[in-house]
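Taking it in order: structure first as structure tokens, then the write-up.
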Amino acid sequence: MGIGTIRNGPASSMTTTITKRAIGNLAATLALVVTGLTPSGAAAWGGFGHRTTGDIALANVKPETRAAIDRLMRYEKDLGTPECALKTLQDATVWADCVRRTRWRWGYTAAWHYRTTPICEDYQPWRNCSGGNCVTAQIERSQRLLADESLPGPIRLEALAFMVHFVGDIHMPLHSGDKDDRGGNDRTAAYGDVPNMNLHWIWDGALAERAITSTQRPIARRYSDAERGELGGGEPADWGRESWQTARDFVYATAFDTDPCATDLPDETVLSQEDIVAAVPIAQKRIRQAGIRMAAMLDQAFEPGALPEPERRRR
């Protein structure tokens, strides 16, 4: 059968449908490649987003802190993770996601990357954090280990890597708020014309990438005192609350065009171009905040002396 017969015969519509489906699947695959995501799991902000938070932090730490970070990096080989580079602060921001692929050794850290509260319930920063197994507690724990000059260098380097990664994680809205869908992982979503993604992947990668690359000024730069004052401050529990509220008031409300607590949500949705444009400044702010707050935590950890003892909390 000739090509002309296929084009003009009954198979034409089937061929067109198959072609469109193939193009759609290819677009989705390319989107995942570009944003550093895979269907098997994703890191908050994706690799590009995490590394950008490290770039921001490095541009805003004290010179003494930068030198102290460089000294700790000399212990990289002692960690025994040659498959996961740890030569720079940027490497450190993605190291925790890299090592947990080795599940027999690092699988126990999986719960450290998030601490979600259902968006339709009151936010409780220490709920579902038994034994400190949540991102809120692990940020604080890691900073204390990093600041303890009596500990061996490899332990402090590991703590640094966990801390900077988790500071990024807690600023991603869907690591703090969800609606019984594993932080949006169970909600199929299209990113504009790109199908076959989910709400979590979109905020991890495609949206973070657009937020980072569409700023008028470079997002990774030295920020003024006024800017650092506006973007910084608070504690990990506060940052988690901000993300949870963003998930409730914007992420789900915009993605489904409804009050997410007033009704059940469908399993599928589409983020329109208008939705994406509205989300960009929110993602930009969260990434900036993560970098500035990371810088402050690093400066504090490398100051001489022990960190002040935290107040006792009611769990």
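Heads up: the sequence shown begins at 31 in the working numbering, then just goes up one per residue. Idealized CB from N, CA, C, for every residue including glycine. All values derive from a computational prediction rather than experimental measurement.
CA-to-CA distance, H195 to L116, given in whole angstroms: Near 12 Å, if we compare the C-alpha coordinates of H195 and L116.
Residue burial classification, Q246 (beta-carbon count within 10 angstroms, cutoff 16): Exposed, by the Cβ-count rule.
On the CB-based measure, 16 or more other CB atoms within 10 Å of its CB, does A123 come out buried or exposed? Here the sequence assigns Thr to residue 123, which means Ala is not the residue at that position. It counts as buried.
Going by DSSP, what residue range makes up the alpha helix (DSSP H) through T276? Run containing T276: P266 to T276, per the alpha helix (DSSP H) assignment.
Can you tell which of P148, I322, E341 and R251 has the C-alpha that lies nearest to the C-alpha of H205? Here the closest residue by C-alpha is P148.
Out of curiosity, what's the CA-to-CA distance linking V300 and E260? Each residue's alpha carbon lies about 33 Å from the other.
Check each candidate in V91, R318 and C150 and name the one with the smallest Cα separation from I200. Comparing Cα positions, the closest option is R318.
Under DSSP, the alpha helix (DSSP H) around V165 begins and ends at which residues? Where V165 is concerned, the enclosing alpha helix (DSSP H) stretches over V165 to A177.
From A28 to A140, what does the alpha carbon distance come to, in whole angstroms? The question about residue 28 has no answer, for the chain in this structure spans 31 to 345.
When DSSP labels each residue in this structure, what does A219 get in the three-state scheme? Correct three-state label for A219: strand.
Grab me the residues of G263's own chain with a C-beta within less than 6 Å of its C-beta, minus the 5 sequence neighbours each way, in chain order. None.
Quick one: measure Cβ to Cβ for L102 and L190, integer angstroms, because I've assumed they're closer than 8 Å. Contact flag correct, Cβ pair sits at about 6 Å.
Identify every residue that forms a DSSP beta bridge with N226. None; N226 has no bridge partner.
8 Å Cβ shell around N228 - same chain, five flanking residues per side excluded: Cβ neighbours of N228 beyond the five flanking positions: G214, N215, D216, R217, T218 and A219.
Sequence ranges, alpha helix (DSSP H) only - wholly within the stretch 273-331, length at least 4: Here the runs fully enclosed are 282-286 and 303-331.
Output the boundary residues of the alpha helix (DSSP H) element that contains M103. Premise fails: M103 is in no alpha helix (DSSP H) and is neither H nor E.
Going by CA-CA distance only, name the one from L181, P340, V91 and R316 that's closest to S254. Of the candidates L181, P340, V91 and R316, the residue whose Cα lies closest to the Cα of S254 is V91.
To the nearest angstrom, how far is the alpha carbon of G110 from that of S180? Rounded to whole angstroms, G110 to S180 spans 21 Å at the Cα level.
Starting from W134 and walking both ways along the alpha helix (DSSP H), at which residues does that stretch end? From DSSP, the alpha helix (DSSP H) with W134 extends over R133 to W136.
Buried or exposed for Q168, please, with buried defined as at least 16 other CB atoms from any protein chain shown within 10 angstroms of its CB. With 16 or more Cβ atoms within 10 Å of its Cβ, Q168 is classed as buried.
So, are the CB atoms of A250 and D85 less than 7 Å apart? In this structure, D85 lies closer than 7 Å to A250 by Cβ.
Here's a check: name, in chain order, each residue in its chain whose Cβ is nearer than 6 Å to the Cβ of W125, leaving out the five neighbours to either side. C114, L116 and A191, listed in sequence order.
On the three-state DSSP scale, how would you describe D28? Nothing in the structure corresponds to residue 28, since the chain is present only between 31 and 345.
Between the stretch 269-286 and the stretch 306-318, do three or more beta carbon pairs fall short of 8 Å? Yes: at least three Cβ pairs fall under 8 Å.
Helix, strand or coil, according to DSSP, for P184 in the structure here? In the structure shown, P184 adopts helical secondary structure according to DSSP, grouped into three states.
Go through its chain and collect everything with a Cβ distance to A325's Cβ below 6 Å, but skip five positions before and after it. Closer than 6 Å at Cβ, skipping near neighbours: A87, N90 and V91.
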